[in-house]
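J.: Heads up: the sequence shown runs through residues 1103 to 1633, numbered per my numbering.
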Amino acid sequence: MSTSFEKAFIFHQQGEIERAKLLYEDILQNDPHHFDALHMLGVAVTDEDPSRAVQLLSKALEINSTMPECFNNAAHALMKLGQHALALECCRHSIALEAGNWTTYANAAEALRNLQRQEDALVSINAAISIAPTMAKLYSNRGNLFKELGQHDQALLEYQTAIELDPEDATFYVNLGLAYQDLNLIYPAIESQEKAIALDPQLGAAHDNLAKLYLLNGNLQSGWGMYHWRWKGLGLTSQPLKTSKPKWQNGSAAKRLLVWAEQGASEHILFGSLLLEMQRLVPNLLVQIDPRLIPIFERSMPEITFYSAIEIVDESLYDAHIALGDLPGLFRNQIDDFLNVKLQYLKPKFEQRNLIKETLAKQDELLIGIAWKEEDHSANKSSNSNKTNNIELTQLVSSLNMPGIKFVNLQQGISNQELADLQSKLMIQVYGYEQLNSSLGFDDLAALVSACDIIISVDNEAAHLAGAMNIPCWVLLPKAPHWRWLSGVTLSPWYPSLRLYRQEQQGVWDAPLDKIRHDLVPLLKQSTQYN
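This is the structure:
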């Protein structure tokens, strides 16, 4: 080992990464094939430039392919680039050379997890734990796998074990809080996030989770007060607006206000309920929303100017700005603030609605629109924003099918052939509408929703549109729902026309479906008597 490399390596070990990098670079200027310098420079630049790290580590492995640690570090860099299959191959090479390194098994587990191979990932993380049974992070990682497999009780135990081994790591309390939330144990979840913040006051994920727990629990003022932490949380993929114009403050003299888009279409519909109230404060309102929503918002709020969420609005057009998600903090700080909400703030195309109703509706039939999957458009993927929201179409229609019901598909992107396959399998027809397609705007969906007598849906855009148009909608919610549905209530303050049916047991829809079936009976009787 050269003297220059020894000096660089000491700097590296002491955390003086920049000084180490300069020395590694100097070594490679004189000797481009210096294995150790290539290897350690690759490690040093992995976080800031994983592409270069992969290049350096690959070159090092061309020189010497017998170093397991180099394969392991290459796997880490490849995962930074999202190349998880290649990362897994590197882990396998490393394990073949050295089977006793727990970090390699941990990296393999992470690669497998990202390849959606959670069961295989468990095997790898178990191997890592057998080698390093006191390494707290491994138990936290195993908890993440159990969480993704829906085994929330087991995930909770893993996070508790991690905390026992290392009670000073704030991220373990974040994970513990999310596990409690997955089990709908709100107060322990709050306590866990508060503990994380006490250990690390700048940990954005903990503040973000706590804000949403407050909202879920109905503590709106505290929740909105912390909601700005969403930008430092883990679930939001949209970014704050970059502009030289000031953020709007209550009492501002700004005459033209840009309300800029964040998160996904469901949030745009939800927070869109506050635009007319905002317009009373600043009449000249410019609003960014999902482009598929622009026609229905323009029809419903003609005095507001709407722009696509993916469009850059020229700064000369506005004096100040505010995020769409900041509006509730101005107008919805307690439940009583919802009492005077506008029941219908979005309007469908009535001609299209009437045409659909004439086509589908028949005497003595209750027209029920159904949606069974959460749409994948939202930019806000929270811990409970996943497949736990979904229900199998076969279970939904077979549980609710009764004489006098006509099911109408509201699920975007579902072909009529898929509906025909369902009919041949269950002998239950779900009527499709050819123009309902995920590539189109929401106008067709809104017209179809408004043509139905009642909507039965999971938490997706169909439910939000129903609420915004004041159409009766019964929403199927998982045991651990999104914060917007609040905890333990059967009616939504955001949407008075919505009724909430909650799971009693995580992942089991039988109880809410039984309640819906029971509640449909009097509606069917009324429909028959009316006709």
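All residues carry an ideal CB built from backbone N, CA and C; glycine is no exception.
(1) Hey, how far is the Cα of residue 1462 from the Cα of residue 1518?
(2) Does the distance from the CB of residue 1424 to the CB of residue 1468 come in under 9 Å?
(3) Along the chain, where does the beta strand (DSSP E) that runs through residue 1386 open and close?
(4) Distance cutoff 9 Å, beta carbons only. Does residue 1518 sit that close to anything in chain C?
(5) Residue 1289: buried (16+ other C-beta within 10 angstroms of its C-beta) or exposed?
(6) Strictly by DSSP, which residues pair up with residue 1409?
(7) Taking Cβ positions, are residue 1320 and residue 1593 nearer each other than 9 Å?
(8) Buried or exposed, going by whether 16 or more other CB atoms sit within 10 Å of the CB of residue 1369?
(9) Rounded to the nearest angstrom, what separates residue 1505 and residue 1595 at their Cα positions?
(10) Can you tell me the Cα-Cα spacing of residue 1155 and residue 1172, whole angstroms?
(11) Go to residue 1146, then tell me how far its beta strand (DSSP E) extends in each direction, as first and last residue.
(12) Counting only runs of 4+ residues fully inside the stretch 1545 to 1599, write out the alpha helix (DSSP H) ranges in chain order.
(13) Tell me, to the nearest whole angstrom, how far the beta carbon of residue 1306 is from that of residue 1335; I am working on the premise that it is less than 8 Å.
(14) How many Å lie between residue 1311 and residue 1496 at the Cα?
(15) Is the beta carbon of residue 1545 sitting closer than 9 Å to the one on residue 1605?
(16) What span of residues does the beta strand (DSSP E) with residue 1610 cover, start to end?
(17) Tell me which same chain residues have a C-beta within less than 7 Å of the C-beta of residue 1248, skipping the five on either side of it?
(18) What do you get for residue 1212, buried or exposed, if any count of 16 or more other CB atoms within 10 angstroms of its CB means buried?
(19) Please identify the residue among 1555, 1416 and 1166 whose C-alpha is closest to the C-alpha of residue 1464.
(20) With C-beta atoms as the reference, is residue 1597 less than 9 Å away from residue 1566?
(21) At 3 residues or longer, what runs of the beta strand (DSSP E) sit wholly inside the stretch 1322 to 1387?
(22) Using CA coordinates, which residue listed in 1466, 1563 and 1521 is at the minimum distance from residue 1626?
(23) Grab the span of the beta strand (DSSP E) containing residue 1509 for me, first residue to last.
(24) In chain order, what residues of the same chain have a beta carbon less than 8 Å from the beta carbon of residue 1129, not counting five sequence neighbours either side?
(25) Hey, how far is the Cα of residue 1303 from the Cα of residue 1323?
(26) When DSSP builds the beta bridges, which residues end up paired with residue 1423?
(27) Drop a sphere of 10 angstroms on the beta-carbon of residue 1525, count the other beta-carbons inside from all chains shown, and report buried for 16 or more, exposed for fewer.
(28) Quick check: what's the CA-CA separation for residue 1379 versus residue 1150?
(29) Take the Cβ of residue 1382 as the centre, count every other Cβ of all protein chains shown within 10 Å, and call the residue buried at 16 or more, exposed below.
(30) Label residue 1118 either buried or exposed according to how many other C-beta atoms from any shown protein chain fall within 10 Å of its C-beta, with 16 as the threshold for buried.
(31) Is it buried or exposed, residue 1628, if we count other Cβ atoms within 10 angstroms and call 16 or more buried?
(32) Tell me where the beta strand (DSSP E) around residue 1469 begins and ends.
(33) Spatial neighbours of residue 1623 within its chain, please: C-beta separation below 6 Å, excluding the five flanking residues on both sides.
(34) Measure the alpha-carbon distance for residue 1250 versus residue 1493 and round it to whole angstroms.
(35) Check whether the stretch 1612 to 1619 touches the stretch 1340 to 1347, counting contact only when three or more Cβ pairs, one atom from each stretch, lie closer than 8 Å.
(36) Please report the Cβ distance between residue 1300 and residue 1268, rounded to the nearest whole angstrom; I am assuming they are in contact, meaning their Cβ atoms lie under 8 Å.
T.: Per the coordinate set shown:
(1) Looking at the two C-alpha atoms, the distance is approximately 15 Å.
(2) Residue 1424 places its beta carbon 9 Å or farther from that of residue 1468.
(3) 1386 to 1391 is the extent of the beta strand (DSSP E) around residue 1386.
(4) Absent here is chain C; the protein component of the structure consists of one chain.
(5) Counting Cβ neighbours within 10 Å, residue 1289 comes out exposed, since fewer than 16 surround it.
(6) When beta bridges are read from the DSSP output, residue 1409 appears opposite 1390.
(7) No, the pair does not count as a contact, with Cβ atoms beyond the cut-off.
(8) Buried.
(9) Distance between the alpha carbons of residue 1505 and residue 1595 is about 33 Å.
(10) Distance between the alpha carbons of residue 1155 and residue 1172: 11 Å.
(11) Looking at the DSSP string, residue 1146 is not in any beta strand (DSSP E); the run it does join, the alpha helix (DSSP H), is 1137 to 1146.
(12) Fully enclosed alpha helix (DSSP H) runs of 4 or longer: 1545 to 1553 and 1563 to 1570.
(13) About 6 Å separates the two Cβ atoms, so the contact holds.
(14) When only Cα atoms are considered, residue 1311 and residue 1496 end up about 34 Å apart.
(15) Against a cut-off of 9 Å, the Cβ pair of residue 1605 and residue 1545 comes out as no contact.
(16) Segment: none, residue 1610 is in no beta strand (DSSP E) and carries neither H nor E.
(17) Same-chain partners within the cutoff: 1256, 1257 and 1260.
(18) With 16 or more other Cβ atoms within 10 Å, it is buried.
(19) Ranking 1555, 1416 and 1166 by Cα distance to residue 1464 puts 1555 first.
(20) It is a contact, given that the beta carbons lie within the stated cut-off.
(21) DSSP runs (the beta strand (DSSP E)) wholly in the stretch 1322 to 1387: 1358 to 1362.
(22) Comparing alpha-carbon positions, the option among 1466, 1563 and 1521 lying closest to residue 1626 turns out to be 1466.
(23) For residue 1509, the enclosing beta strand (DSSP E) starts and ends at 1507 to 1511.
(24) These residues qualify, in order along the chain: 1104, 1106, 1107, 1110, 1136 and 1139.
(25) Roughly 20 Å between the two C-alpha positions.
(26) According to DSSP, which records beta bridges pairwise, residue 1423 is partnered with 1349 and 1360.
(27) When all chains shown are included, residue 1525 counts as exposed.
(28) For the pair residue 1379 and residue 1150, the Cα-to-Cα distance works out to about 44 Å.
(29) With fewer than 16 Cβ atoms within 10 Å of its Cβ, residue 1382 is classed as exposed.
(30) Residue 1118 should be labelled exposed.
(31) By the 10 Å Cβ count, residue 1628 comes out exposed.
(32) If you look at residue 1469, you'll find it in the beta strand (DSSP E) that goes 1468 to 1473.
(33) Contacts found: none.
(34) Computed Cα separation, rounded: 17 Å.
(35) Contact between the stretch 1612 to 1619 and the stretch 1340 to 1347 is absent, because fewer than three Cβ pairs lie under 8 Å.
(36) Their Cβ separation, rounded to whole angstroms, is 15 Å, which puts residue 1300 and residue 1268 out of contact at 8 Å.
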